[in-house]
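Engineer:
Protein chains in written order, with this note's numbering: chain U, 1 to 100; chain V, 101 to 641; chain F, 642 to 1134; chain L, 1135 to 2003.
1. Is the Cβ of residue 38 of chain U closer than 7 Å to any Cβ of chain F?
2. Among the residues of its own chain, which have a CB less than 7 Å from the CB of residue 622 of chain V, if the five just before and after it don't count?
3. What span of residues does the alpha helix (DSSP H) with residue 1884 of chain L cover, start to end?
4. Residues bridged to residue 91 of chain U by DSSP?
5. Measuring alpha carbon to alpha carbon, tell me which residue in V:450, V:467, V:584, V:273 is nearest residue 366 of chain V.
6. For a cutoff of 7 Å on Cβ pairs, would you count residue 1059 of chain F as touching chain V?
7. Between the C-alpha atoms of residue 767 of chain F and residue 901 of chain F, what's the straight-line distance to the nearest angstrom?
8. Any C-beta of chain F sitting closer than 7 Å to the C-beta of residue 82 of chain U?
9. Indicate whether at least one CB of chain L lies closer than 7 Å to the CB of residue 919 of chain F.
10. Chain U beta carbons: is any one of them nearer than 7 Å to that of residue 649 of chain F?
11. Leaving out five residues before and five after residue 1221 of chain L in sequence, what residues of the same chain have Cβ atoms less than 8 Å from its Cβ?
12. Counting C-beta neighbours from all protein chains within 10 Å, is the total for residue 1932 of chain L 16 or more, i.e. buried, or is it exposed?
13. On the DSSP bridge assignment, give the partners of residue 1226 of chain L in chain order.
14. Along chain B, in chain order, which residues have C-beta atoms closer than 9 Å to that of residue 168 of chain V?
15. Assign residue 63 of chain U to one of two classes, buried (16 or more other C-beta atoms within 10 Å of its C-beta) or exposed (fewer than that).
16. Within the segment 1572 to 1638 of chain L, note down every full beta strand (DSSP E) run reaching 3 residues or more, in order along the chain.
17. Count the other CB atoms within 10 Å of the CB of residue 1519 of chain L; is the residue buried (16 or more) or exposed (fewer)?
18. Within the 7 Å Cβ cut-off, does residue 1050 of chain F reach chain V?
19. Buried or exposed for residue 1684 of chain L, please, with buried defined as at least 16 other CB atoms from any protein chain shown within 10 angstroms of its CB.
20. Spatial neighbours of residue 1526 of chain L within its chain, please: CB distance less than 7 Å, with the 5 preceding and 5 following residues excluded, ordered by chain position.
21. Taking 7 Å as the CB-CB limit, is residue 493 of chain V close to chain L?
22. Ends of the alpha helix (DSSP H) at residue 1978 of chain L?
23. Measuring only between beta-carbons, confirm whether residue 1792 of chain L sits less than 7 Å from chain U.
24. Could you tell me if the beta carbon of residue 1520 of chain L falls within a distance shorter than 6 Å of some heavy atom in the ligand GTP?
25. Output yes if chain L places a C-beta closer than 7 Å to the C-beta of residue 1129 of chain F; else output no.
26. In the DSSP output, what is residue 997 of chain F paired with across the bridge?
27. Would a check of beta-carbon distances place residue 573 of chain V closer than 7 Å to chain F?
28. Given that residue 251 of chain V touches chain F, what residues does it touch there, using C-beta distances under 8 Å?
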């Protein structure tokens, strides 16, 4: 498989993630969409590392992305929980206390 | 040997402001005395400047210290015949205005004194700065205290007026900042180093097309300050709302900075543009003369009337300025002083009745001559000065300006547009009488119709003390202006020559370049001088 | 050990953070955590400042410099971020205690956030950029949500988090593309490949777009600014302060490093073809939008948030001028961010000072008449807004002068950008003045609660410090200029 | 040669005494005893008069040594002006007494002194007495400055100073607002005149290079004012003298109450009577005549201006007299009489009889002052305030014998009764007018002469009539207020005034009767004898006043005298018949009622002015005042600030709080940024090196380029990564020729594509009209082989006599103030392709800075659409 295939896969994943982020009203699902986007990056990184086999930068990078994504998810969930505690909802349409 | 009088001139208000800042609020009397005292010391220092010899052009008391070396920003100050009297005007009016304020300012004494000291610092700095950056700093610096004075101690709509004043001035001066930066950048491209030093920047000759925009930016800032029609609408608001002292300083000194900016910066730096656009500005000045007079005539609020009269008077000054000859420019400078004195005094006088009656409506008065004879005398004298009666200061200035604009061109004296402008401007002399005497009539003559006016007291000692110096100046300048003119004429002559040379150099150029004007002027002088003339008409070769 | 001198401020912060975490875990008495935190931040700043001033940057092992630059620019940002964070911490010391929600983790979080910001500011590798960015952002998300029982705080945090992660994903995707296009993750290497024209152009351009977007988001440039007002308003004021100075500074740093470091070749930068016009346009709409929207606010805090958007615009003006005037423009940006740090701390700090428990000052109305009653407390506010407005002789004026000077020197369309910039800042004058208007020229409405200034040594010290530097950087800017110039020279020769 | 006497300082003291008196009384008078006030007020003027006499005697003595002797006192330099020629004109505070100003000084101080004396009695009881004295003294000082000032600006100090005093004194009883308003009217109307004086002054200094009267007059005599005025006015080109004189005369009409600015004088009667006598009859109002006499050498240079003055004076004399005929109040009648007499003086000036005009000033000072003071005495006697209605008076000869006799004497004088002063002066004026009629070969002057002569005679008839109407109704018949019937009757028991008032009356009356002999004519009418070698007055004035020669032909002399005598006789007889011992207005009953009403309403001139000038201006002012805060402020401030605020509000609304929207906006931003990079951008720039042209475009990330330098559709280069290329253009590449017109002044450039057809060359598009002379416009241009041909488009355009000009291609030259150059035009095309494979094509027209060898006709006419794109 050429690099193009990976690229396409990553783009699709990224696109799906982005679309999910933009389209869904549930914060939790938005969080998941973001994870999807991060994962698409991992695909890219690994694929590009294959094109540039002289070092392992891409793979190292991917590991870090995974780790950070986990941290991000953890923190994100914590914030969502805090939010839910206060407002009893996770619908973004309702989160308009701050505006204008 | 360098003297440090100018630094003292700036340091005294700055240090005094610091002292006032640190003193507790409750020490009212001490603050009052201290601030006035500081300003009087300031006045004395400024009088020392007068003693210098101004028989040739060039700056006196120059001090030059690098400030931000990498940008060529320096602390460079100096006075010449053009700025000398404006400095003295500032130092004279500041204590008077502050002293007169104590009649009406009862709260926030500390802040008021602080603002006044900072204001004086800003004004003096702007007048003596020979570095564009320094000038800009002072130019902006005086904005804030004036804003506070209007906004805190002003009348009912003070906030609106203060903000309007601030924003108007700000818009103009920010564009000027960009223009300054452009000039400096152009200079840097040619000379390889940055400088904001006016004298160094003066060697820069920019192509006409650039001069127009740059001059436009400068002119906007200055025209707003002057204020030139149609940028004048902030003025009536500011004046009406400002407390007496604020109005005095605003009219007497702040407006002058606009004209001063033209003379000191805009015109020498962009001669081609000023020569081309100048008549337009002079024309707007003439519009201002007539329009201001008209508007003044129908005002019912005395302060507003005086404010519009300022628009009218400043129109004269613009006209004289852009006549581009010694008469016009000397007249304009002298008229700046005169306007400072007479309009300053008028605002003081308005303050006098406002303090007593809390009204400035013409309708609320009438017949005051009966109960306030001294007040009437002072008012009428100042009115006469304002309308330019010969023997008072106003006449000399107006006369020189009109002569300047009338004799602005060829040997016989007139180009058609200047002739017509002079004619129209001279009608301003008529209208000045109309609106000022209208006010006098409404306030002083007739019977007292409002019973509350019957118990008005005449001027008190503080008011007389603050007005008397101005009255003296009215007659001094009116009867012996030579003392003042002799100090400014050499500088003005040099300015005109310099401008002419610059103008020709500017016309020749296609690309920015540096010219050693000092050397060039010497060469021209050696060759027999240069007369300003129209471009010659050559036929096609 | 001396080999680590170059990154010693970072290490110091980590150590301090860990220490405070420990202390906080084992003691109930956390009274002086604020001062300890602040002192450690100031020590870090002093360390960095000393090295910056001396001009000698201690050499560092390759293993560090591969990812984190050890240069003047990094030190400059160390100073700015540490000072910003330190002052914010001091504010927090007063604010949190006054309003009764002081907890030890706040200081830990802010230390690590500052650490992240400093990492980001010296990151020279896509990986370290990502790590620094995430470290900083995660800390910031948590800080915004710090007052977790407040609906506004958590809503701000949620929005910030969601959008921030979204933007981070975009940035990350761009990074990956860039890696793919050039085969490098270090900016220097990327720069060489791009300049040589050996990179895959399509991927490079796409990566460039995504990087610009991701970084502009952190900077808060319009139209990627939408989180700014909400997050700023939701967060407690000291956090807002820190975000508006520390995080913004880090964003500026990385923007400089990426755009100038990796895409500094004429083709990528080009006045007609590269990122310069993009930045120019962003600058214009940011300045205009930020100032106009700030005009419409009734809350001072939200106004300051929009104003910080506007200031991002001024910073971008400087950045857009890099194409023509190089290090002059870079140093103008650096000076601006430093001046802005002090001015903004002063403004936010004054806002904090103007309120006390139960009577927090947030809107303009809260300030009505306060200046007349408490002129001493209101005085720094005046200086602060005047500096933000750019009145001489304050740091803000000099910063603005510098940035616009760079723009004017760049010439061409940049002059018009400068003109728009000054006009926009004239609009800005209106809302800044409104603060003074309310402080000194208005009286509170009849039944309106009156704001009472708090008495706090922490806040007072902060304001004195910030005010001192605001004035000092305006009157005698030379030394700071020199620092900015030398820092800039490490990026563009 | 001037002979100067040693004690010139007296001239200064003459002025300083009253000035000092004014200051003392003005500042301290309120706290001083009345006697002291009087001493200061009257004493200072008396001293001044004494000094004036001493000086005059001195001058008189000097005249024996030199015809042009003057007394001079140079005080100090006031300020200076720099003329465009580079000369500096000092404006000196310098006083000169010559024959003209000497006489005037005597009049002013003498009559003034008497009136001061009179005021002791008349105003002594007024609470504002010190103020009154102060103002009166100030007036004296100003008037003396006006008279003695040696230059225009110094004269102008006095000129405006007397206006100020007039203002202050008319509104002396300021509690009556109408009086104060009358004062204001006087000042403003005078200011209109001052406007003229200022402009006139500038023209004078512009031409003569000096403000000194002496220098201006010698310049005028040297003919320097004969050239045309440089600015065309209404399509005619008057001479400098005419314009200057007309402007100066405008000033005179203001100060001396002539049409059109006479309207203030009747209202000025609101002031106390001594003021009317001194300022508004004897001295100030004659300042205009004085000025004309001062500058008589200038005025006489311009026939047009002189005619205007003569006609204006005559018309004023007639108009005012016609109003005076029907008025009912003493001072009003006297006021119109003054206007009318001033008209006589100006008519005299206008016909060149300056000395006669000024003689009338002299005699008029006596009889008119006496009349006013007499009227004051009457009013004082009957306790009339403001003014006295003559139909409520009558028969006062018994109660006021001295007043009546002095009044009668003055009436005779003003009517021109033989051997009274008025007889001589009026006679001289008519003689001057008559002389004009007989000036050979000058239609203008002849007709002006006729008009003046007839008009003045008519006016003289009316003068005699209304004066005696006034006299008869006041002093003959029965006292109509005796029975206290009617509205507001006067005091039933009038009494003669105190000596302080009657003494001046007597002195003035004697003067009115006798001073005419000073002007005893050179040739006596009817008899034809030469009484002496010359008229004393005429000779005395000769030194400082120019003028037409006084005719000696008997028929002229007789005509003038006959008319004068006849007019007097008719006027007095008519009044005798109609009014002696009568109590009703017989004339009014005989006249058509509407005509009477119209005349009584002063021909409704005030109303006319109000309707046509004052109200329109006031309305404009009201509009300006309102518009300023509404329209101008709205446009300059409110609208922009509203727009900005609303824009801010709307933009802030975009921030609606919903995360999706935020995210979507981010995506929009991404798309926008991407869009910029999606298509390539280019910008062709050309640099020239010799005949090679280097074409470049900015480099872009991943861009590829190919060039079609001559836009012939074939790309010279293949796709490549470097942007630049070089090319050498030849004839075949040429698309045309462009002519560039550049204003070297402003840098404005204009381009015209030329062909071998004639095309207009719009030179005015680059050169502002003010720099163009008419011949610069209307050029045409076309290509002719290797040359550009320029020719005039209209017959009036001359090109140094050449019909056409050739300019080699590629060279540049000057066309008037514009630089012209021609350049061949070529077009370069560039195609750019970016990393996304998008291409964009750009073309740019390049004007080559060098020419080719003669371009062929064909290459130039190749139509653009043939070019493959």
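Backbone N, C-alpha and C fix where the C-beta goes; we use that ideal spot for every residue, glycine too.
Structural biologist: According to the structure shown:
1. Sequence index remark: in the first chain, residue 38 of chain U carries index 38 (1-based). Residue 38 of chain U counts as touching chain F.
2. Along the second chain, one-based indexing puts residue 622 of chain V at 522. Cβ neighbours of residue 622 of chain V beyond the five flanking positions: none.
3. Translated into positions along the fourth chain, residue 1884 of chain L becomes position 750. Where residue 1884 of chain L is concerned, there is no enclosing alpha helix (DSSP H), although the beta strand (DSSP E) it sits in stretches over 1883 to 1888.
4. Locating residue 91 of chain U in the first chain gives position 91, where the first residue counts as 1. Paired residue(s): U:26.
5. Residue 366 of chain V sits at position 266 when you count from the first residue of the second chain. Between residue 366 of chain V and the set V:450, V:467, V:584, V:273, the nearest pair of CA atoms involves V:273.
6. Position 418 of the third chain holds residue 1059 of chain F. Residue 1059 of chain F counts as touching chain V.
7. The residue labelled residue 767 of chain F in the question sits at position 126 within the third chain. The residue labelled residue 901 of chain F in the question sits at position 260 within the third chain. Their Cα atoms are separated by approximately 14 Å.
8. Counting from 1 along the first chain, the entry for residue 82 of chain U is found at position 82. Between residue 82 of chain U and chain F, the shortest Cβ-Cβ separation is below 7 Å.
9. Residue numbering aside, residue 919 of chain F sits at position 278 when the third chain is read from its first letter. So, interface residue.
10. Within the third chain, the letter at position 8 stands for residue 649 of chain F. By this cut-off, residue 649 of chain F is not an interface position.
11. Stepping through the fourth chain from its first residue, residue 1221 of chain L is reached at position 87. 1343, listed in sequence order.
12. Taking the fourth chain and counting its residues from 1, one reaches residue 1932 of chain L at position 798. In this predicted model, residue 1932 of chain L has a pLDDT of only 45, less than 50, meaning its place in the structure is not dependable; the value taken from the coordinates is given anyway. So residue 1932 of chain L ends up on the exposed side.
13. Residue 1226 of chain L sits at position 92 when you count from the first residue of the fourth chain. Under DSSP, residue 1226 of chain L forms a beta bridge with L:1211.
14. Absent from the structure is chain B; the protein chains it does hold are U, V, F and L.
15. The residue you call residue 63 of chain U lines up with position 63 of the first chain. The residue is exposed, with fewer than 16 neighbouring Cβ atoms inside 10 Å.
16. none
17. Residue 1519 of chain L sits at position 385 when you count from the first residue of the fourth chain. By the neighbour-count rule (16 or more Cβ atoms within 10 Å), residue 1519 of chain L is not buried but exposed.
18. To locate residue 1050 of chain F, count along the third chain from 1; it is residue 409. Yes - at least one Cβ of chain V is within 7 Å of the one on residue 1050 of chain F.
19. Against the fourth chain, residue 1684 of chain L aligns to sequence position 550. Buried is the call here.
20. In the fourth chain, counting from the first residue as 1, residue 1526 of chain L sits at position 392. Result list for residue 1526 of chain L: 1614, 1615, 1620, 1623, 1624, in chain order.
21. As a first step, residue 493 of chain V is located in the second chain; it is residue number 393 there, counting from the start. It does not; no Cβ of chain L falls within 7 Å.
22. As a working note, residue 1978 of chain L is residue 844 in the fourth chain. Unbroken run through residue 1978 of chain L is the beta strand (DSSP E), 1973 to 1981; no alpha helix (DSSP H).
23. For the purposes of this step, residue 1792 of chain L is taken as residue 658 along the fourth chain, with counting starting at 1. With 7 Å as the cut-off, residue 1792 of chain L counts as an interface residue toward chain U.
24. Among the ligands in the structure shown, none appear at all, so the ligand GTP cannot be discussed.
25. For the purposes of this step, residue 1129 of chain F is taken as the residue at position 488 of the third chain. Answer no: the Cβ-Cβ gap between residue 1129 of chain F and chain L never drops below 7 Å.
26. Taking the third chain and counting its residues from 1, the one referred to as residue 997 of chain F is at position 356. Per DSSP, F:1000.
27. Taking the first residue of the second chain as 1, we reach residue 573 of chain V at position 473. No, residue 573 of chain V does not count as interfacial toward chain F.
28. Along the second chain, read from residue 1 onward, the residue named residue 251 of chain V stands at position 151. Per Cβ cutoff of 8 Å: 1077, 1078, 1081, 1082.
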